[in-house]
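> Chains as they are written, first to last, in the working numbering: chain P, 1 to 278; chain H, 279 to 561. A virtual CB, placed ideally from N, CA and C, is assigned to each residue, including glycine.
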Amino acid sequence: MSDCVFELSHVSYAYPQQPALDDLSLRIQRGERIALLGANGSGKSTLLRLLDALYFPGQGELKAFGELLSEAALADDEVNFAFRRRVGLVFQNPDVQLFNPTVFDEVAFGPLQLGWSSDEILRRVDAILARFAIGHLKHRAAHRLSGGEKKRVALASVLVIDPEVLLLDEPTAALDPESQGEVVRFLIESRHTGRTIVTATHDLDIVEDIADFVYVLADGKVVGAGAPAEILADQALLRQTHLAHAHWHVAADGSAHAHVHAHRHQHARPIDGDSPEK
Amino acid sequence: MSPEAAAALRKPRRRHLAQRLAQGLLRAMDQAQASESLAAGDGWLQGLDPRSKLIGALALIVSVVLTHSLAVVVGLFALALLLAWRSQLLAAGVCQRLWLSVLLFSGTIALPALVLVPGRALWQLPLPGWAVSEQGLRSAALLIARAETSSTLALLLIVSTPWTHVLKAMRCLGAPLVLVAILGMTHRYLFVLAQTAAQLFEARRSRIVAPMNGAQQRALATSAAGVVLSKAFWLSNEVHLAMISRGYRGEVRLLDDFHAHARDWLALLGALSVPLLILWGER
Numbered sequence: 001m002s003d004c005v006f007e008l009s010h011v012s013y014a015y016p017q018q019p020a021l022d023d024l025s026l027r028i029q030r031g032e033r034i035a036l037l038g039a040n041g042s043g044k045s046t047l048l049r050l051l052d053a054l055y056f057p058g059q060g061e062l063k064a065f066g067e068l069l070s071e072a073a074l075a076d077d078e079v080n081f082a083f084r085r086r087v088g089l090v091f092q093n094p095d096v097q098l099f100n101p102t103v104f105d106e107v108a109f110g111p112l113q114l115g116w117s118s119d120e121i122l123r124r125v126d127a128i129l130a131r132f133a134i135g136h137l138k139h140r141a142a143h144r145l146s147g148g149e150k151k152r153v154a155l156a157s158v159l160v161i162d163p164e165v166l167l168l169d170e171p172t173a174a175l176d177p178e179s180q181g182e183v184v185r186f187l188i189e190s191r192h193t194g195r196t197i198v199t200a201t202h203d204l205d206i207v208e209d210i211a212d213f214v215y216v217l218a219d220g221k222v223v224g225a226g227a228p229a230e231i232l233a234d235q236a237l238l239r240q241t242h243l244a245h246a247h248w249h250v251a252a253d254g255s256a257h258a259h260v261h262a263h264r265h266q267h268a269r270p271i272d273g274d275s276p277e278k
Numbered sequence: 279m280s281p282e283a284a285a286a287l288r289k290p291r292r293r294h295l296a297q298r299l300a301q302g303l304l305r306a307m308d309q310a311q312a313s314e315s316l317a318a319g320d321g322w323l324q325g326l327d328p329r330s331k332l333i334g335a336l337a338l339i340v341s342v343v344l345t346h347s348l349a350v351v352v353g354l355f356a357l358a359l360l361l362a363w364r365s366q367l368l369a370a371g372v373c374q375r376l377w378l379s380v381l382l383f384s385g386t387i388a389l390p391a392l393v394l395v396p397g398r399a400l401w402q403l404p405l406p407g408w409a410v411s412e413q414g415l416r417s418a419a420l421l422i423a424r425a426e427t428s429s430t431l432a433l434l435l436i437v438s439t440p441w442t443h444v445l446k447a448m449r450c451l452g453a454p455l456v457l458v459a460i461l462g463m464t465h466r467y468l469f470v471l472a473q474t475a476a477q478l479f480e481a482r483r484s485r486i487v488a489p490m491n492g493a494q495q496r497a498l499a500t501s502a503a504g505v506v507l508s509k510a511f512w513l514s515n516e517v518h519l520a521m522i523s524r525g526y527r528g529e530v531r532l533l534d535d536f537h538a539h540a541r542d543w544l545a546l547l548g549a550l551s552v553p554l555l556i557l558w559g560e561r
């Protein structure tokens with residue numbers, strides 16, 4: 001079995017009014033945790049939608065699990081079923097994703113579309129609701145949930161089918177710090193599951209926790225790639241791609257200057273069995 | 279401050295159109311949430327199988343339409359009242375709000391029948407000199423009674439049953455998939471759009487510093503409606519993508535976990551016998 005989950009060769013994609021991706025090539029291996037880093041409008045969300053076969057390349061070639069991913073291929077029910085079973089996308093805006101009347105219906109939607117038996121669906125839904133501690137929201141309407149609860153339901157609704165590949169679009173956007181922490185904790189814990197995770201984000205604070213490899217996007221192109229520490233240390237690249245994290249310092253005379261840096265945490269002792277950072 | 283501005287501030291302040299619209303939308307959302315809690319109650323109707331309730335409500339509404347007897351319609355209205363009382367829906371005030379709106383709407387339509395339907399004159403209207411006929415009065419009363427009773431029966435179904443169960447019951451009874459799916463998503467996204475519209479009106483209101491005349495207020499409301507419509511269009515595209523992403527291929531599938539008990543069958547039998555009795559009695 002091929003270890004390459006996604007392979008993009010010279011992929012371009014354009015919306016009617018504007019280009020989104022331009023001659024993009026990259027490979028994502030099985031079990032990798034990838035961060036797609038980029039400012040707003042850099043093409044991260046478009047790339048995720050291509051990886052989830054919601055959009056198809058205008059030019060170039062996109063392969064998933066060694067097979068060409070095209071509109072014609074996905075028109076086949078069997079191919080579509082197999083692909084949807086293996087890849088799940090969590091949208092940035094949970095209101096887009098939570099289209100069912102109750103949390104239970106929402107989480108059961110995917111398994112129902114995949115034709116699972118009622119008993120299996122009930123068992124899986126209960127298990128995933130318990131996993132995300134949202135069992136008490138089971139019969140609640142989506143519009144009555146808080147932002148953090150919506151995000152957890154959105155995650156549960158995708159993970160209930162246990163996909164091999166999880167695509168996340170700005171998973172911590174517009175969440176309070178506690179909810180952000182929960183999402184990051186889930187992504188950290190996921191590294192032991194062997195699941196391939198691709199996260200689009202511009203939050204530099206979480207990159208080291210959620211990714212083993214980073215692609216930096218700007219204007220629809222890959223402008224940088226490497227380990228999180230390398231990317232976060234490359235201040236010139238971060239400035240160029242409008243990702244530099246700046247604190248403003250105010251001097252005694254009232255003038256202000258930016259203090260650009262990335263957050264890095266170094267632990268002297270191993271944590272949860274990890275090897276200490278170098 | 280200019281004299282005009284001072285005068286505007288002294289004038290008793292009418293609520294701005296944007297404010298009224300925002301408050302109306304928020305009130306509608308509150309009422310919808312309140313009706314969801316009523317459906318979760320432990321009244322008589324809440325305990326029935328949604329399929330029995332749906333068929334029963336339809337049978338009773340058909341009975342209201344079939345009969346030409348005012349006494350039968352009043353009897354069915356009394357039955358609806360009894361059901362509302364046994365299901366703790368009367369105290370919630372939802373029926374009362376409905377009755378007033380239906381009375382105003384159907385009363386406006388029925389009013390001309392009082393003088394237009396020929397028959398035995400009961401009394402003469404003083405100014406135009408038109409005669410109110412007995413037959414006209416009966417027609418108007420029948421129309422209003424039918425409207426009140428049918429809408430009350432429909433309301434009892436909706437407020438005593440979670441919307442998802444109504445949709446599932448419709449699907450179980452053979453309603454087209456597309457219809458059920460559209461109704462389900464419409465209900466869900468009405469809240470998203472209502473919330474968006476309310477926030478939009480509040481944001482606009484926070485930036486209005488001078489009093490606006492009627493035309494300006496209407497222009498503001500119209501432009502806001504346009505923005506909400508364009509957001510609705512964007513949202514519908516995004517939702518479709520989210521559905522495809524999770525395996526949707528045009529066929530909506532639902533879990534059917536309804537279980538009919540003896541009392542569901544009894545209720546169904548009772549409701550179905552009403553139109554049959556009316557048809558037999560009015561032969």
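Select from the stretch 333-345 of chain H all residues with a C-beta closer than 8 Å to any C-beta belonging to chain P, and list them in chain order.
If the cut-off is 8 Å between Cβ atoms, the stretch 333-345 of chain H has nothing near chain P.
> Closer than 8 Å is the cut-off here; do at least three beta carbon pairs connect the stretch 84-92 of chain P with the stretch 486-502 of chain H?
With the cut-off at 8 Å, the stretch 84-92 of chain P and the stretch 486-502 of chain H do not touch.
> Using the beta-carbon of each residue, which ones in chain P are nearer than 9 Å to H:A317?
The residue you call residue 317 of chain H lines up with position 39 of the second sequence. In chain order: nothing, as chain P lies at least about 10 Å away.
> DSSP on P:G60, reduced to helix/strand/coil?
In the first sequence, residue 60 of chain P corresponds to position 60, counting from 1. DSSP places P:G60 in strand when its eight states are reduced to three.
> Quick one: what's got a C-beta closer than 6 Å to H:D320's C-beta in the same chain, skipping five residues either side?
Start at 1 with the first residue of the second sequence, and residue 320 of chain H comes out as number 42. Excluding positions up to five away in sequence, the list is empty.
> Provide the residue(s) that pair with P:E67 in DSSP beta bridges, ordered along the chain.
Taking the first residue of the first sequence as 1, we reach residue 67 of chain P at position 67. Answer by DSSP bridge pairing, in chain order: P:A64.
> Which stretch, first to last residue, makes up the alpha helix (DSSP H) that contains P:G147?
Walking along the first sequence from the start, residue 147 of chain P turns up at place 147. Element bounds for P:G147: 147-159.
> Does H:G462 get closer than 9 Å to chain P when you measure Cβ to Cβ?
As a working mapping, residue 462 of chain H is identified with position 184 in the second sequence. Chain P contact via Cβ: present.
> So, under 8 Å CB-CB, H:R398 and H:S411 are touching, yes? Tell me the CB distance rounded to an integer number of Å.
As a first step, residue 398 of chain H must be located in the second sequence, where it is residue number 120. As a first step, residue 411 of chain H must be located in the second sequence, where it is residue number 133. Confirmed, about 6 Å.
> Please identify the residue among H:A317, H:L344, H:V343 whose C-alpha is closest to the C-alpha of H:K331.
Indexing the second sequence from 1 puts residue 331 of chain H at position 53. Taking only the C-alpha atoms, the option nearest H:K331 is H:A317.
> Excluding five sequence neighbours on each side, which residues of the same chain lie with their C-beta closer than 7 Å to the C-beta of P:L129?
In the first sequence, the residue the question calls residue 129 of chain P occupies position 129. Closer than 7 Å at Cβ, skipping near neighbours: V107, G135, K138, A156.
> Beta-carbon of H:F355 versus every beta-carbon of chain P: anything under 9 Å?
Taking the first residue of the second sequence as position 1, residue 355 of chain H is located at position 77. Output row for H:F355: interface = no.
> How would you label H:Y526, buried or exposed, when you count the other beta carbons within 10 angstroms and need 16 or more for buried?
In the second sequence, counting from the first residue as 1, residue 526 of chain H sits at position 248. So H:Y526 ends up on the buried side.
> With DSSP as the reference, label H:G548 as helix, strand or coil.
Position 270 of the second sequence, counted from the start, is the residue given in the question as residue 548 of chain H. The answer is helix: DSSP assigns H:G548 an H, G or I state.
> Using a C-beta to C-beta distance shorter than 7 Å, which residues of chain P count as neighbours of H:L478?
Your numbering for residue 478 of chain H matches position 200 in the second sequence. Per Cβ cutoff of 7 Å: no residues; H:L478 is ~15 Å from chain P at best.
> Using CA coordinates, which residue listed in P:L51, P:D219, P:C4 is at the minimum distance from P:H242?
Along the first sequence, read from residue 1 onward, the residue named residue 242 of chain P stands at position 242. The shortest Cα separation from P:H242 among P:L51, P:D219, P:C4 belongs to P:D219.
> Classify P:D105 as helix, strand or coil using the three-state DSSP reduction.
Position 105 of the first sequence, counted from the start, is the residue given in the question as residue 105 of chain P. In the structure shown, P:D105 sits in a helix (DSSP, three-state: H, G or I).
> Against chain P, which members of the stretch 500-519 of chain H pass a CB distance test of less than 8 Å?
Of all residues in the stretch 500-519 of chain H, L513, E516, V517, L519 have a Cβ within less than 8 Å of some Cβ in chain P.
> Per DSSP, which one or two residues make a beta bridge with P:Y13?
For the purposes of this step, residue 13 of chain P is taken as residue 13 along the first sequence, with counting starting at 1. Answer is P:L21.
> Does DSSP put H:Q366 in a helix, in a strand, or in coil?
To locate residue 366 of chain H, count along the second sequence from 1; it is residue 88. DSSP places H:Q366 in coil when its eight states are reduced to three.
> Quick check: the stretch 485-496 of chain H against the stretch 112-119 of chain P, are there 3 or more CB pairs under 8 Å?
As far as the Cβ criterion goes, the stretch 485-496 of chain H does not touch the stretch 112-119 of chain P, which means the pair count is below three.
> What are the partner residues of H:S411, as DSSP defines its beta bridges?
Here the question's residue 411 of chain H lines up with position 133 in the second sequence. Partner(s): H:A399.
> Which residues in chain P sit within 7 Å of H:Y442, going by Cβ to Cβ distance?
In the second sequence, the residue the question calls residue 442 of chain H occupies position 164. Per the sequence presented here, residue 442 of chain H reads as Thr, with Tyr not at that position. Under the 7 Å cutoff, chain P gives P101, T102, D105.
> Would you mind sorting P:G43 into buried or exposed? The rule is 16 or more other CB atoms within 10 Å of its CB.
Numbered from 1 along the first sequence, position 43 holds the residue referred to as residue 43 of chain P. P:G43 should be labelled buried.
> Verify the CB distance criterion: does P:S118 have a CB-CB separation below 9 Å to chain H?
Walking along the first sequence from the start, residue 118 of chain P turns up at place 118. Interface residue, yes.
> Is the distance from the Cβ of H:L533 to the Cβ of P:L122 below 9 Å?
Counted from its first residue, the second sequence places residue 533 of chain H at position 255. Counted from its first residue, the first sequence places residue 122 of chain P at position 122. Cβ distance < 9 Å, so H:L533 and P:L122 count as in contact.
> Going by alpha carbons, who is nearest to H:V444 out of H:H465, H:S428, H:F511, H:R416?
In the second sequence, counting from the first residue as 1, residue 444 of chain H sits at position 166. Checked all of H:H465, H:S428, H:F511, H:R416; the closest Cα to H:V444 is H:H465.
> Should P:D272 go down as buried or exposed, given a rule of 16 or more other Cβ atoms within 10 Å for buried?
Reading the first sequence from its first residue, position 272 is the one you call residue 272 of chain P. For P:D272, the predicted structure reports a pLDDT of 49, less than 50, and the residue's modelled location is therefore unreliable. The matter cannot be settled from this model.
> Tell me P:A141's beta-bridge partners as DSSP assigns them.
Locating residue 141 of chain P in the first sequence gives position 141, where the first residue counts as 1. According to DSSP, P:A141 bridges with P:T102.
> Determine whether the Cβ of H:L445 lies closer than 9 Å to any Cβ atom of chain P.
Taking the first residue of the second sequence as 1, we reach residue 445 of chain H at position 167. Answer yes: the Cβ-Cβ gap between H:L445 and chain P drops below 9 Å somewhere.
> Taking all protein chains shown into account, do 16 or more other C-beta atoms lie within 10 angstroms of the C-beta of P:D176, making it buried, or fewer, making it exposed?
Counting from one through the first sequence, the residue named residue 176 of chain P turns up at place 176. Exposed.
> Within its chain, find whatever has a CB closer than 7 Å to the CB of P:E32; leave out the 5 residues flanking it on each side and keep chain order.
The residue given as residue 32 of chain P occupies position 32 in the first sequence. Result list for P:E32: T196, D212, F213, in chain order.
> Could you compute how far the alpha carbon of H:R541 sits from the alpha carbon of H:G325?
In the second sequence, counting from the first residue as 1, residue 541 of chain H sits at position 263. In the second sequence, counting from the first residue as 1, residue 325 of chain H sits at position 47. Whole-angstrom Cα-Cα distance: 10 Å.
> Using a Cβ-Cβ cut-off of less than 8 Å, give me the residues of the stretch 465-494 of chain H that come near chain P, in sequence order.
Those residues of the stretch 465-494 of chain H that come within reach of chain P (Cβ to Cβ, closer than 8 Å) are H465, R466, Y467, F469, V470, Q473.
> What does P:L54 touch in chain H if you count any residue whose Cβ is under 7 Å from its own?
Numbered from 1 along the first sequence, position 54 holds the residue referred to as residue 54 of chain P. In chain order: L519, I522, S523.
> In the DSSP assignment, find the unbroken alpha helix (DSSP H) run with P:F81 in it and report its ends.
Taking the first residue of the first sequence as position 1, residue 81 of chain P is located at position 81. Element bounds for P:F81: 77-86.
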